[in-house]
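Residue numbers (my numbering): 77 to 1020. Glycine included, C-beta positions come from ideal geometry on N, C-alpha and C. Contents: one structure, followed by commentary.
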Amino acid sequence: MSSFRRWAAFVLAVMGFLGVAAAPTAAAPTARTAPAPAAAPAARTAASASAAAADTAFRVVTYNVCGSYVGNCSYQTTGRPDSQQWAARLKSQILTEDGRQPDVIMFQEMCATQREVVREAMPGYGVAWVPFFTHGLCPRWDRGYTAADYNEFGTAIFIKGAAADLPEQVETLTPIAAAGAQVRKLLCTSGVVGGRDTLVCNVHTAGEIADAGAPQMMAAINRFAQGRPVLFGGDLNADPFDPNLNAYYGIEGGVGPFTEVDQANRRFFDPRCARLTLCRSGDMTTEGAEPRKFDYLFGTAGRISWTGSRAITPAAGSLTHQPDHRALRGDAVWSDDVTAPAVPSVEPASRGVNEYGVVDGVNWAGVRKATAGRFAGGDDLADLLVVRWNGDVQLYPNEGGRLGAPTTVGTGWTDAARVTSGDFTADGLDDVVVRWTSGTVFVYPGDNRGALGDSAMLRTRYFFKSATDLIAGDLNQDGVTDLLTRQGDGTLLLYPGGTGDPTGLGSAASAAPDGLASGYIDRDGTTDLLVRQVDGSLLLRPGGSGAARVLQTAPASLSVRPMFEVTGDFSGDGRTDLAVRWGHDADRVKVHASPADVIDPAQGTPLPAVTHGSGLFAATQVAAGDLTGDGSSDLVVRWRWGNAELLAGNGDGTFTKRGPVGAAGQWSNTAHLIIGEYTGGGGRDIVEHRRDGSVLLYPGNGTGVLGTASTLRTSGGWSDAVEVVGGDLNDDGNDDLLVRWTAGSVHLFTGDGRSGLDSRIIIRDAADGWSDAVGMTVGDLTGDDGKDDILVRWRAGSAFLYQGLGTGAIGARTEYRPAGALTAASAVLVSGPDMIIKWSDGSTRLYPATPATPATAATPATAATPATAATAATAATAATVTVRSFDLGSGVDRFEFGNGGAWTGVAAVRGSAAITPPAGATSMQVVAVDEFGNRSGVATVAVG
């Protein structure tokens, strides 16, 4: 592969993606207390043939054609459309816009008759089709077709060079709204795209589907793919930052297996993404007064590299009566399977910054299954066990009304259909029960000490295949934990002790998916049944089968509905509580004391979690400096909605919220915020560079309060400035402004220490400029001369340090972080001798000042047999190091480490892994291994 191709593949690849896994076998995933060594997959024998396929470019197009009267956007609202003319325009304006036909076309809101006229206009394509319903207006496209199914309305996939009729794999999405809601379906088919066998999936989703159907669709895609690469697209009716899209994206809090066609399209980045190479953003694909990105093209990360994208706007009135959707086009190439990954990078030690050191940047939206029980602490408090999008099982210990930091107790649970808890081992301790999609039920014994034991099969394969829900509890009041299933027709079947013969327990026909829970909710000593309805209401059935009463009525808004609920003693008072994650309150779980006649979403006690919160995901700018005058660096955070907030530094790496900075909405036009000494008043000031090019100076009084702004540059003055940062680079005690311009030149404007700027110093001219930079940071990063230096981050994710000379000039550069190490950093701040990095998923970490020693590259490691778990003994005091791989064009599967002996394997999760060095080791070697068995060069890491 050429160096350009390698660079393009790197820039467009997403850090840490996992490939789509093969369908799970009947064996259940195991729980774990430490990472297990991963077996090395055999390298492919047909590498040369696959490499040839990697050179074949292909094109994908998705388009919502609005074939009926939906939204009054159809091609013609009266009379019979000229279908041939419509198809000719579609072909010329979208499908062959630049003379090249797409390899894959996805259509949404299409009438079956439209499908046929496109088939005629675009011969040589195979077609897959799924209807949602028959639409009375679809026959108006008829050109002599008489079959009844031409009234159908649905989605289609066209694959060039395939058979006339493609195999169709369909998943019907489960609605949360009342009966009669519009049916939505995921359509997948198989075909050869660019020379490789590929699963292609197309969908049109909407708000009446729980979580936009994402978990259900990802489970179906995994099931259909069988290890093949996936192209997935359509009209998702969601903005890129919607947490439901975490299932697809692998960046910014997402745990999905895909790269999106626009995620490296910096031209259309949201302002929050200004310093990122990859971002959940992109070109607008919908028309109207407020255009938005609703149409998407995803491809399997590490297998597919997007090389270009374009949103195509058809001529007004030529394809739709009124503007609705633009077509989205993506060009791609296959990533090869013969090139070895790059040498992995070793991340310096870090710790979370207050509650902003988050595990999941978008909080509980990443949780798909949850259950409560006495799993940790050796006490009677209810702990929370959750299963996330990526199949990780995390346990949050209850610390008396607060959840502690989570530990991962299992992996690979993506195929878990239901997770519940109860004592099935008769040892008085709560166990975890999992029903897999195969219908098999496994029990994982709990020890109330934070670990799960080896699983045992409670029910054999297919036994509960027809069950749509399953919970555990003593529902027949005999003192033994039972299993209760809900069948497809709503019938409730009780299995005494989990294995006895079933008896009927009434019906819950309107229950939502995963909508059953049990516990001592009304505190009368009997186990009750809680039912979450599809409309979002909550019903309580005392004693499991008593007359139901309403705890919460159906909400007026779909956003204010329970997403999951668990029961247990969360408050530590010895009584059962109800913990609910409400749809509008994604960053926390609320505890509602039971019993209660009404559960109010606006009430309840938050159940906060250590290192788990909203993070800084919505922050567009973060600035550091001592605004409060106590000698500790503070943070000013500017949120996406235009407000700013002061987080006062406590001097120990933690921060305390101090309230708003300025008035609400005051910072809505801010491009950059800089904290520094510009007025000579003794306190730190704030400089605001606005999007209109003006520059304002707000004097500070040393207590966090700002005075009246003065104007340093009027509107338009610095409109060509790409970036503005502050620092004292001429060592005169006054902070300066460093400006990087569109042309790539970099100028230093020295501060006069009064209320303005002094002379201009050229740091770089345009010919030798930094146009490829994504961010600059100024601070004493060398720590040995008291002079400010410049750290420059590049699009490749590397960082170079330019040592400040104290004269306004800079010296030679040295590598500070290797390529890829800062790809996902959206803000890099200097806090005294330490560094604070805000990552793209919203997590914010403090990195203590330590020498940055880049890993040294050596020859590729030999393929030694991975060590067994017994050889992976670690010292109790050994520090854990984090390794990352950012060269995912070949799909990094795992890391292997050792210190001269056998290699131990650790799975790469989103491109990273935590490794505890071998006992007594002073150094450690680490290599990255891709899914095809290719091994990187060796990174040698000093440890101990």
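### Query
Is the segment 622–629 touching the segment 664–681, taking contact as three or more C-beta pairs under 8 Å?
yes
### Task
Starting from Glu192, follow the alpha helix (DSSP H) in both directions and report where the run begins and ends.
Within the sequence shown, numbered from 1, the residue matching residue 192 stands at position 116. Start and end: Ala188 to Ala197.
### Query
If we call anything under 8 Å between Cβ atoms a contact, is Val904 one with Thr853?
Translated into the one-based positions of the sequence shown, residue 904 becomes position 828. Translated into the one-based positions of the sequence shown, residue 853 becomes position 777. In contact: Val904 and Thr853 (Cβ atoms closer than 8 Å).
#### Entry: As assigned by DSSP and simplified to three states, the class of Asp407
Here residue 407 is taken as the residue at index 331 of the sequence shown, counted from 1. Strand.
### Query
Alpha carbon to alpha carbon, what distance is there between Thr335 and Leu354?
Sequence index remark: in the sequence shown, residue 354 carries index 278 (1-based). Sequence index remark: in the sequence shown, residue 335 carries index 259 (1-based). So the two alpha carbons sit approximately 10 Å from each other.
### Query
Mind checking Ile838: buried by the 16 CB within 10 Å criterion, or exposed?
As a first step, residue 838 must be located in the sequence shown, where it is residue number 762. Ile838 is exposed by the Cβ-count criterion.
### Message
Just to confirm my understanding: we take Cys349, look at its own chain, exclude 5 residues before and 5 after, and list those with CB closer than 6 Å. What are they?
### Response
Reading the sequence shown from its first residue, position 273 is the one you call residue 349. Taken in chain order, the residues that qualify are Cys355 and Ser357.
### Contact under 8 Å by Cβ, Gly713 with Ala695
Numbered from 1 along the sequence shown, position 637 holds the residue referred to as residue 713. Numbered from 1 along the sequence shown, position 619 holds the residue referred to as residue 695. Note that residue 713 is Val in the sequence shown, not Gly. Taking 8 Å as the cut-off, the Cβ atoms of Val713 and Ala695 count as close.
### Task
Compare the Cα-Cα distances from Pro994 to each of Val957, Arg176 and Ala983 and report the closest residue.
Within the sequence shown, residue 994 is the residue found at index 918, counting from 1. It is Val957 whose Cα lies nearest to the Cα of Pro994.
### Message
Bridge partners for Ile762 per DSSP, in chain order?
### Response
Here the question's residue 762 lines up with position 686 in the sequence shown. In DSSP, Ile762 forms a bridge with Ile751 and Tyr774.
### Task
Just the C-alpha distance for Gln339 and Thr890, rounded to the nearest angstrom, thanks.
Along the sequence shown, one-based indexing puts residue 339 at 263. Along the sequence shown, one-based indexing puts residue 890 at 814. C-alpha separation (whole angstroms): 30 Å.
### Task
Within the same chain, show all residues whose beta-carbon is closer than 6 Å to that of Asp848, passing over the 5 residues directly before and after it, in chain order.
As a first step, residue 848 is located in the sequence shown; it is residue number 772 there, counting from the start. Trp870 and Arg871, listed in sequence order.
### Query
So Gly143 and Met186 are in contact, right, with Cβ under 8 Å, and what is the actual spacing, rounded?
By 1-based counting over the sequence shown, the position of residue 143 is 67. By 1-based counting over the sequence shown, the position of residue 186 is 110. Gly143 to Met186, Cβ: 5 Å. Contact.
### Query
Touching or not, the segment 510–517 and the segment 474–485, by the rule of three or more beta carbon pairs under 8 Å?
no
### Task
Determine, using beta-carbon pairs with one atom in the segment 295–315 and one in the segment 802–822, whether at least three such pairs fall under 8 Å.
The answer is no - the segment 802–822 does not touch the segment 295–315, with fewer than three Cβ pairs under 8 Å.
### Task
Report the partner residues of His823 according to the DSSP bridge assignment.
Along the sequence shown, one-based indexing puts residue 823 at 747. Per DSSP, Val815 and Ile838.
### From Arg830, Thr746 and Tyr596, residue whose alpha carbon lies closest to that of Glu799
As a working mapping, residue 799 is identified with position 723 in the sequence shown. Considering only alpha carbons, the answer is Thr746.
#### Entry: Buried/exposed call for Lys733, threshold 16 Cβ in 10 Å
By 1-based counting over the sequence shown, the position of residue 733 is 657. Counting Cβ neighbours within 10 Å, Lys733 comes out exposed, since fewer than 16 surround it.
### Message
Between the alpha carbons of Gly820 and Asp807, how many angstroms are there, rounded?
### Response
As a first step, residue 820 is located in the sequence shown; it is residue number 744 there, counting from the start. As a first step, residue 807 is located in the sequence shown; it is residue number 731 there, counting from the start. Spanning the two alpha carbons is a distance of roughly 25 Å.
### Task
Determine the extent of the alpha helix (DSSP H) in which Lys608 is found, giving its start and end residues.
Taking the sequence shown and counting its residues from 1, one reaches residue 608 at position 532. Position check: residue 608 holds Arg in this sequence, whereas Lys was assumed. Unbroken run through Arg608 is the beta strand (DSSP E), Asp604 to Gln609; no alpha helix (DSSP H).
### Message
Rounded to the nearest angstrom, what separates Thr41 and Arg405 at their Cα positions?
### Response
What the structure shows of the chain is the stretch from 77 to 1020, and residue 41 is not part of that stretch, so it cannot be assessed.
### Task
Measure the Cβ-Cβ separation of Ser583 and Gly566 and say whether it is below 8 Å.
Within the sequence shown, residue 583 is the residue found at index 507, counting from 1. Within the sequence shown, residue 566 is the residue found at index 490, counting from 1. For Ser583 and Gly566, yes; Cβs fall inside 8 Å.
### Query
Are there 16 or more other CB atoms within 10 angstroms of the CB of Asp209, so buried, or fewer, so exposed?
Your numbering for residue 209 matches position 133 in the sequence shown. Strictly speaking, residue 209 in this sequence is Phe, with Asp absent from that position. Under this definition Phe209 is an exposed residue.
### Query
Touch check for the segment 967–978 and the segment 995–1009: three-plus C-beta pairs under 8 Å?
Yes, they touch.
### Task
Using three-state DSSP, classify Asn1010 as helix, strand or coil.
Here residue 1010 refers to the residue found at position 934 of the sequence shown. In the three-state reduction of the DSSP assignment, Asn1010 falls in the coil class.
### Residue interval of the beta strand (DSSP E) (run including Ala724)
Taking the first residue of the sequence shown as position 1, residue 724 is located at position 648. Its beta strand (DSSP E) spans residues Ala720 to Gly725.
### Task
Have a look at Arg386 and Ala163 and give me their C-alpha separation to the nearest angstrom.
Mapped onto the sequence shown, residue 386 falls at position 310. Mapped onto the sequence shown, residue 163 falls at position 87. Spanning the two alpha carbons is a distance of roughly 21 Å.
### Query
Counting Cβ pairs, one atom from each stretch, are 3 or more of them under 8 Å apart for the segment 489–508 and the segment 449–467?
Verdict: yes, contact present.
### Task
State yes or no: is the C-beta of Pro589 within less than 8 Å of the C-beta of Thr544?
Here residue 589 refers to the residue found at position 513 of the sequence shown. Here residue 544 refers to the residue found at position 468 of the sequence shown. Their beta carbons are under 8 Å apart, which means Pro589 touches Thr544 by this criterion.
### Message
Taking the straight line between their C-alpha atoms, what separation do you get for Arg608 and Asp600?
### Response
For the purposes of this step, residue 608 is taken as residue 532 along the sequence shown, with counting starting at 1. For the purposes of this step, residue 600 is taken as residue 524 along the sequence shown, with counting starting at 1. Linking Arg608 to Asp600 through their CA atoms gives a straight-line distance of about 21 Å.
#### Entry: Cβ-based burial, Gly309 [other Cβ within 10 Å; buried from 16]
Taking the sequence shown and counting its residues from 1, the one referred to as residue 309 is at position 233. Flag for Gly309 reads buried.
### Query
Which residue comes first and which comes last in the alpha helix (DSSP H) that contains Ala295?
Taking the first residue of the sequence shown as position 1, residue 295 is located at position 219. Residues Ala290 to Ala301.
### Query
With 16 other CB atoms within 10 Å as the buried threshold, where does Thr883 fall?
Reading the sequence shown from its first residue, position 807 is the one you call residue 883. With fewer than 16 other Cβ atoms within 10 Å, it is exposed.
### Task
Whole angstroms is fine: what's the gap from Asp1006's alpha carbon to Leu307's?
Taking the first residue of the sequence shown as 1, we reach residue 1006 at position 930. Taking the first residue of the sequence shown as 1, we reach residue 307 at position 231. Their backbone Cα atoms lie some 21 Å apart in a straight line.
#### Entry: Identity of the residues DSSP links to Glu972 by a beta bridge
By one-based count along the sequence shown, residue 972 stands at place 896. DSSP, once it has assigned bridges, lists Gly981 and Val1003 as partnering Glu972.
### Query
Is Ala99 helix, strand or coil when you go by DSSP?
The sequence position of residue 99 within the sequence shown is 23, counting from 1. Because Ala99 carries a pLDDT of 29, less than 50, the predicted location of this residue cannot be relied on, and the following value inherits that uncertainty. Of the three classes helix, strand and coil, the one that applies to Ala99 here is coil, per DSSP.
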